[in-house]
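According to my numbering, numbering within the sequence shown proceeds without interruption in unit steps and concludes at 227.
Below: the structure, in structure tokens.
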Amino acid sequence: MFEIGNSLREARLRQGLDYAQVELGTKIRSKYLKALEDEHFETLPAQPYVKGFLRTYADYLGLDGQLYVDEYNSRYVVDGHEDGAPIVRRPPSARGRRDRGVERRVVLFALLGIALLTALVIVAWKFGGDNSSSPPAVSSSSPPAPTTLRLTGVNGGTYVEVRRNSATGTVLLQATIPSGHKEVLDGSRFWLYVKRSGGIRVALAGKAVSLPARRNLRVIVTPTRTALANG
């Protein structure tokens, strides 16, 4: 038996990562990452989210995600049933209840604002302007710029191998990228092997990609997520 939250926090701090970097790499909101580290599981939306977030967060830090899910099941799930199993949980704190109340009010005000804006648009369309039946002009726009992967050497640089889509995909780059040197590759899904993650900065579609701090790193990088890869 081990402490779920403390081990996650120690792994994150050991790699020099802050919540913003982890949120970018896992797509899990920072407040939920902190809740996992504090073991405030009652603040997460539902039991399936807890398990999914635990597995994703642990895997991102290079830990065994399934081990964390098993530990959570052994401590917080009775009878081991996935659906309908009674949950042993801490009672929600007063602060948690206040936060949920604030969130509900924010959602309500947002819905009221959308409804009001929609009504104003309908009134303006119905009573404003002329009665001609000519269709509105469609403005032309340039095609979207292609998605690109940008690699920049830092802190002495490192050796990098890039393949398209997966470990068996077409080789796009095999080279040592020195400090200050940049490589740009077109595409939206890449398999990367990085000998030393501290020697490279990675950006995809203009957004920084957070890499776990380790050697001989293999990851799959897409515009929506970064995940550890095999092979």
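We treat Cβ as the ideally placed atom computed from N, Cα and C, and that holds for glycine.
Straight-line CA distance for residue i to residue j?
i	j	result
G1	L207	21 angstroms
K178	N161	21 angstroms
F49	M(-3)	20 angstroms
N226	K122	59 angstroms
R197	T222	14 angstroms
G12	G109	41 angstroms
A111	V117	10 angstroms
G97	L104	11 angstroms
V65	L113	44 angstroms
L145	G202	8 angstroms
G194	G183	23 angstroms
Y56	I24	11 angstroms
A7	R100	34 angstroms
R51	L59	9 angstroms
L181	T172	15 angstroms
Y72	D34	15 angstroms
L40	R185	30 angstroms
L63	G176	40 angstroms
Y53	V119	48 angstroms
L243	E(-1)	Since the first and last residues shown for the chain are -3 and 227, residue 243 lies out of range.
Could you pull the DSSP bridge partners for residue i from this structure?
i	result
L168	Looking at the DSSP assignment, L168 forms no beta bridge with any residue, so it has no partner.
I173	T154
E33	Note: E33 sits in no beta bridge, so no partner.
R160	F186
V180	R146
R192	R211
Would DSSP call residue i helix, strand or coil?
i	result
L213	strand
G149	strand
I118	helix
R25	coil
T39	helix
M(-3)	coil
A201	coil
A81	Confidence is the limiting factor: at A81 the pLDDT is only 40, short of 50, which leaves the residue's position unreliable, though a coordinate-based value still follows. Reduced to three states, the DSSP call for A81 is coil.
L59	coil
D14	coil
P88	Only weak support is given to the placement of P88: the predicted model assigns it a pLDDT of 48, under 50, and the value that follows is read from those uncertain coordinates. Of the three classes helix, strand and coil, the one that applies to P88 here is coil, per DSSP.
What residue range does the beta strand (DSSP E) around residue i cover?
i	result
L224	T222 to L224
At what residues does the alpha helix (DSSP H) containing residue i begin and finish?
i	result
L50	Q43 to Y56
V73	Element bounds for V73: n/a, residue is neither H nor E.
R10	I0 to R10
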